[in-house]
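In terms of this note's numbering, the sequence shown opens at residue 704 and continues consecutively. All C-beta atoms, glycine included, are put in the ideal place defined by N, C-alpha and C.
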Amino acid sequence: MSNSLLELAAQLTRIFVPIIIIIGVLSNSLNIVLLTRPALINHACSLYFIALAITNTFYSSLLLAVNLLADGYNLDPTRYSSVFCKIISYLLNICPTLSVYFIVFASIDRYFASSISARRRNLSNVHIARWSIAILIISFVLFFIGTLISFDISYNGKYQCTIQSDMFFNQIFLTVHLTVYVIIAPISMILFGFLTIYNIKQVRFLPVRISRYRRTEGQLSRMLFLQVGTHIILTLPFCIIFSMLILPLPIQQTENFQFAYIICKIPFYFTVTTSFFLYVLSARVYREELIRLVETIFKSRFYISLLANRATTVIAVPSNGHRFSFETS
């Protein structure tokens, strides 16, 4: 029964993960292109979304491929090299954490941007966003050095790259990691989400002149609300399973636990694909920029095709003054 469950998990991984990789790379690449356009790039929240898209693109293109080999085809490259085990574990831990905290910081930015206090609104600006992103990246780069210590190849019936949860340092590191990712991040997103909604309700009762900039700010808030809700729903099952790693429980070595662990990864992986579709559904300015981008691409292809057609027609003017072409009627 257990073997059949693991085979089912492997089959589902082989089906869904390649699709997630393709959609993740394409959708996040589009996010980067659209969010860097003039209508959106001057908003602080857009910078957090861009950082999120870059991180998700890297995660989709490289790290999901490693997990596909390990969970779908039982070809785990991390079990053959201690160095590779530590590097991949480092990246697999830092990328999702960076992604979720880019959303957290975007939530905080929306709270400031929606405030009726001018002082708080001034905290929502591109300069602060750039510094916040840099500090966030540096902080987690340093924090996850603990991964290089905690993860290594171990033998429990088979060789695998895993954290040694029975060691004191590893238990402390794993506890802090789980607290940061599973507890602090979702609570912060929900808290600042409700505070932003409260601010928006207050602003509605004030005679505020509606400008294009403020309308874009409101649409960015809707984009974020959907992002937060979807992220929490998709990551919750994996967070529960991941939390069980904090204790050296015997169940961790069972095939039923491995099945649940692999299955819960699949909705977790989908978090790297949803942002583009949520942005399209929730924000008019994003849809307009997407349409403009498509029109620009088609116009460029039309002009290229037109120039190519002209190039195939070579006009020559001989000495007798008659014009002729290499094309025949």
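Status (buried if at least 16 other CB within 10 Å, exposed otherwise) for residue i
i            : result
residue 879  : exposed
residue 813  : buried
residue 731  : buried
residue 937  : buried
residue 860  : exposed
residue 752  : buried
residue 780  : exposed
residue 805  : buried
residue 762  : buried
residue 888  : buried
residue 1024 : With a pLDDT of 48 at residue 1024, under the threshold of 50, the modelled position of this residue cannot be trusted, and the question is left open.
residue 737  : buried
residue 706  : exposed
residue 792  : buried
residue 978  : buried
residue 820  : exposed
residue 1035 : Since the first residue of the chain shown is 704 and the last is 1032, residue 1035 is not available in this structure.
Residues bridged to residue i (per DSSP)
i           : result
residue 865 : 855
Nearest residue (CA-CA) to residue i, options the options
i           : options               : result
residue 837 : 778, 750 and 883      : 750
residue 847 : 833, 881, 722 and 820 : 881
residue 816 : 831, 803 and 804      : 831
residue 864 : 786, 996 and 828      : 786
residue 745 : 933, 828, 905 and 850 : 828
residue 693 : 803, 802 and 783      : This structure leaves residue 693 out entirely; the chain is present only between 704 and 1032.
residue 923 : 811, 766 and 721      : 811
residue 972 : 995, 778, 799 and 903 : 799
residue 735 : 755, 825 and 939      : 755
residue 802 : 758, 891, 712 and 902 : 758
residue 818 : 932, 740, 931 and 921 : 921
residue 940 : 721, 960, 739 and 873 : 960
residue 790 : 821, 742 and 849      : 849
residue 844 : 726, 771 and 794      : 794
residue 772 : 721, 748 and 726      : 721
residue 788 : 728, 724, 760 and 862 : 862
residue 665 : 952, 899 and 1004     : One cannot answer for residue 665 here, as it falls past the ends of the chain, which runs 704 to 1032.
residue 824 : 870, 747 and 872      : 747
residue 733 : 871, 980 and 934      : 980
Neighbourhood of residue i by C-beta distance below 7 Å, restricted to the same chain and skipping five residues each side
i           : result
residue 928 : 896
residue 944 : 963, 964 and 967
residue 983 : 989, 990 and 993
residue 912 : Confidence at residue 912 is low in this model, with a pLDDT of 49, below 50, so its placement is unreliable and the value that follows should be read with caution. None.
residue 719 : 969
Same chain only: Cβ atoms within 6 Å of residue i, ignoring 5 sequence neighbours per side
i           : result
residue 774 : 716 and 965
residue 926 : 982, 985 and 986
residue 884 : 800
residue 710 : none
residue 956 : 859
residue 942 : 885
Same chain only: Cβ atoms within 8 Å of residue i, ignoring 5 sequence neighbours per side
i           : result
residue 839 : 801, 804, 805 and 808
residue 713 : 774, 775, 776, 777 and 965
residue 765 : 794
residue 931 : 806, 810, 892, 893 and 896
Query raised in the report: What residue ranges within the region 771-842 form continuous alpha helix (DSSP H) runs of no fewer than 4 residues, ordered along the chain?
Result: 785-816 and 821-824
Query - Uninterrupted alpha helix (DSSP H) stretches inside the region 934-996 (no shorter than 4 residues) - result: 958-972 and 977-985
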